[in-house]
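Just so you know, we're using this note's numbering here: the sequence shown kicks off at 26 and counts up by one.
Glycine included, C-beta positions come from ideal geometry on N, C-alpha and C.
All values reported here derive from a predicted model rather than from experimental measurement.
All remarks here apply to the structure that follows.
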Amino acid sequence: MKIKVEIDESLNEEEIIMKVPALNQRVKLIQDFLSDLSKQQTQMIFYKGQVEYYLNLSQILFFETDGKDVQAHTSADMYKIKYKLYELEEILPGYFMRVSKSTILNMKKIYAMHKSISGPCLVEFENTHKQVYVSRRYYKLLRIRLEEKRLIG
Numbered sequence: 026m027k028i029k030v031e032i033d034e035s036l037n038e039e040e041i042i043m044k045v046p047a048l049n050q051r052v053k054l055i056q057d058f059l060s061d062l063s064k065q066q067t068q069m070i071f072y073k074g075q076v077e078y079y080l081n082l083s084q085i086l087f088f089e090t091d092g093k094d095v096q097a098h099t100s101a102d103m104y105k106i107k108y109k110l111y112e113l114e115e116i117l118p119g120y121f122m123r124v125s126k127s128t129i130l131n132m133k134k135i136y137a138m139h140k141s142i143s144g145p146c147l148v149e150f151e152n153t154h155k156q157v158y159v160s161r162r163y164y165k166l167l168r169i170r171l172e173e174k175r176l177i178g
């Protein structure tokens, strides 16, 4: 693989162009990695009452809707956030994934998955009682994404 960097001072932001003979798994992984890198936001503002908290995204287990509000869960606490789930999907790093209509989880925080034949999969997180359900629609994709993460580090 050749890597070439060209400086173009007329650009307002970085642009990456990949020239490949065919679209394969390796190219897809590179594309996903670069996409994740461009979305690297390590902190967000969370709210509890009138207090603003600046937390690293690595602390978040999952986001879920509760009526009109979206809540972010850490292992010990819960915060509100001023984004909708569809907005979070666009700005969160690639290790976050929607797993149901009302939930986005941090794949790096998964401790165990309990597969049910008749219903949704239950996900546990380490050192907390908190759990989320993965709908059957998202289960297979979650398994594939977890396997990809395991293979590339």
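- Three or more beta-carbon pairs separated by less than 8 Å are not found between the segment 140–147 and the segment 89–106, which leaves the two stretches without contact.
- The three-state reading of DSSP puts I116 in helix, counting H, G and I together.
- G92 and A47 have their C-alpha atoms spaced approximately 45 Å apart.
- With contacts defined by Cβ atoms closer than 8 Å, Y72 and Y104 form a contacting pair.
- The residue among F150, I169 and S60 with its C-alpha nearest the C-alpha of L130 is F150.
- Looking from the CA of T67, the closest CA among E38, I85 and Y158 belongs to I85.
- L113 sits close to F88, with the two beta carbons spaced by under 8 Å.
- For S125, the enclosing beta strand (DSSP E) covers residues F121 to S125.
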